[in-house]
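A.B. asks:
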Amino acid sequence: MAKKIGTAIVVGASSGIGAALVRALAARGARVAAVARRGDELEKLAARINAKAGDSRVLCYPHDVANAAEVPELFQRITAELGGLDAVFFAAGLMPKVAVNEFSSAKDLEMITVNFAGAVAWLNEAATRFERTRSGYICGIGSIAGDRGRRGNPVYGASKAGLAHYLEALHTRLARYGVGVTTIKPGFVDTAMTKGMPGLFWVASPKQAAEAILSATLAKRREVYVLGRWRLVAFVVKNFPTFLFKYLSI
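Listed below in structure tokens is the structure:
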């Protein structure tokens, strides 16, 4: 297919990277289904974009990604109302504050449900469709935090590591059909999730992140760090000796 996205679904679209992706796609003329739990925020986002564009290019679909049973019917309804589907972006994510001595199964299981199980529910539908159509783009927003087990938030990192593993497996399944599957691993991005975190550096704006994500997705790159310099950090973290790594407060 041509390197252009005409129709897309963005899951986790009400704020942060997801909202920036909706704006970037719409600015390129795409019709976008914006999916998120906070329907009021979706409506505000869509109203601003549609007023500027002079048409209804952003459609709103309130949905909690924890409700995986809703996804098959909702996915089919969205593709029908969009009039097709070229790309799916999964940007929903949850990272509650976790104390270094806290082991909260309630928080941990919610992160797994949103960050990993929610992605599987949506991207399995996308994979099924794109395998049949022999085209399409799948993009999941992971995290550099998934590259190594860290003391700060064990299950957030584990959920993102699981997402990266799953996306790589989708890539190996779907590449022969011409389907692009891209894993995005952001460093720090200026969103509500990182607000107030100490020690931030190389912070990207949501707009910067969205532009990099779209470029990587259209190029069908398998794995991309945002910003690119985070690849060096990832290399160091992955190769840091375990007997020293366990003492780092990251």
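Residue 2 is where the sequence shown starts when you use our numbering, and the numbers rise one by one after that.
Positions of the beta carbon are idealized from the N, C-alpha and C atoms, including for glycine.
Since we're looking at a predicted model, the values are computed, not measured.
From Val237 to Val190, what distance separates their C-alpha atoms?
C.D. replies: Roughly 20 Å between the two C-alpha positions.
A.B. asks: What is the rounded straight-line gap between the Cα of Cys61 and the Cα of Ala35?
C.D. replies: If I take the Cα positions, the gap works out to 5 Å.
A.B. asks: Assuming Val182 contacts Ile139 (C-beta within less than 8 Å), just tell me the rounded distance between them.
C.D. replies: About 5 Å; that satisfies the 8 Å criterion.
A.B. asks: Cα separation between Asn116 and Thr218?
C.D. replies: Near 20 Å, if we compare the C-alpha coordinates of Thr218 and Asn116.
A.B. asks: In this structure, does DSSP put Arg135 in helix, strand or coil?
C.D. replies: Arg135: coil per DSSP, three-state reduction.
A.B. asks: Alpha carbon to alpha carbon, what distance is there between Asp41 and His64?
C.D. replies: Cα to Cα, the separation comes out at about 12 Å.
A.B. asks: Rounded to whole angstroms, what is the Cα-Cα separation between Lys4 and Ser106?
C.D. replies: Computed Cα separation, rounded: 43 Å.
A.B. asks: Where do the N-terminal and C-terminal ends of the alpha helix (DSSP H) with Tyr167 fall, by residue?
C.D. replies: Its alpha helix (DSSP H) spans residues 155-175.
A.B. asks: Check whether the stretch 206-213 touches the stretch 159-167, taking contact to mean three or more Cβ pairs, one atom from each stretch, closer than 8 Å.
C.D. replies: Contact between the stretch 206-213 and the stretch 159-167 is absent, because fewer than three Cβ pairs lie under 8 Å.
A.B. asks: For Val225, does the three-state DSSP call read helix, strand or coil?
C.D. replies: It is a strand residue.
A.B. asks: Would you identify the three-state DSSP class for Val59, choosing helix, strand or coil?
C.D. replies: Three-state result, Val59: strand.
A.B. asks: Which residue from Leu86, Ala88, Gly119, Pro73 puts its Cα closest to that of Glu95?
C.D. replies: Checking the sequence shown, residue 95 turns out to be Leu, not Glu. Measuring from the Cα of Leu95, the nearest candidate turns out to be Gly119.
A.B. asks: To the nearest angstrom, how far is it from the Cα of Asn240 to the Cα of Ala21?
C.D. replies: Rounded to the nearest angstrom, the two C-alpha atoms are 33 Å apart.
A.B. asks: List the residues that DSSP assigns as beta-bridge partners of Pro187.
C.D. replies: Pro187 is bridged to Val227.
A.B. asks: Around the C-beta of Gly229, are 16 or more other C-beta atoms found within 10 angstroms, so that it is buried, or is it exposed?
C.D. replies: Result: exposed.
A.B. asks: What are the residues that DSSP puts in a beta bridge with Ile10?
C.D. replies: In DSSP, Ile10 forms a bridge with Ala34, Val89.
A.B. asks: Can you tell me the Cα-Cα spacing of Gly143 and Arg49, whole angstroms?
C.D. replies: Approximately 28 Å between the Cα atoms of the pair.
A.B. asks: Please state whether DSSP places Val180 in a helix, a strand or coil.
C.D. replies: Three-state DSSP puts Val180 in coil, outside helix and strand.
A.B. asks: For Ala1, which option in Ala67, Arg78, Met112 has the closest C-alpha, if you only look at C-alpha atoms?
C.D. replies: Residue numbering for the chain in the displayed model covers 2 to 251; residue 1 lies beyond these limits and cannot be assessed.
A.B. asks: Along the alpha helix (DSSP H) that carries Val23, what are the first and last residues, could you check?
C.D. replies: Segment 17-28, the alpha helix (DSSP H) holding Val23.
A.B. asks: Could you have a look at Gly141 and say whether DSSP puts it in helix, strand or coil?
C.D. replies: Strand, per DSSP.
A.B. asks: Counting C-beta neighbours from all protein chains within 10 Å, is the total for Phe1 16 or more, i.e. buried, or is it exposed?
C.D. replies: The chain is shown from 2 up to 251; residue 1 falls before or after that span and cannot be answered.
A.B. asks: Taking the Cβ atom as the reference point for each residue, do Glu132 and Tyr167 lie within a distance shorter than 8 Å?
C.D. replies: Not a contact, by the Cβ cut-off of 8 Å.
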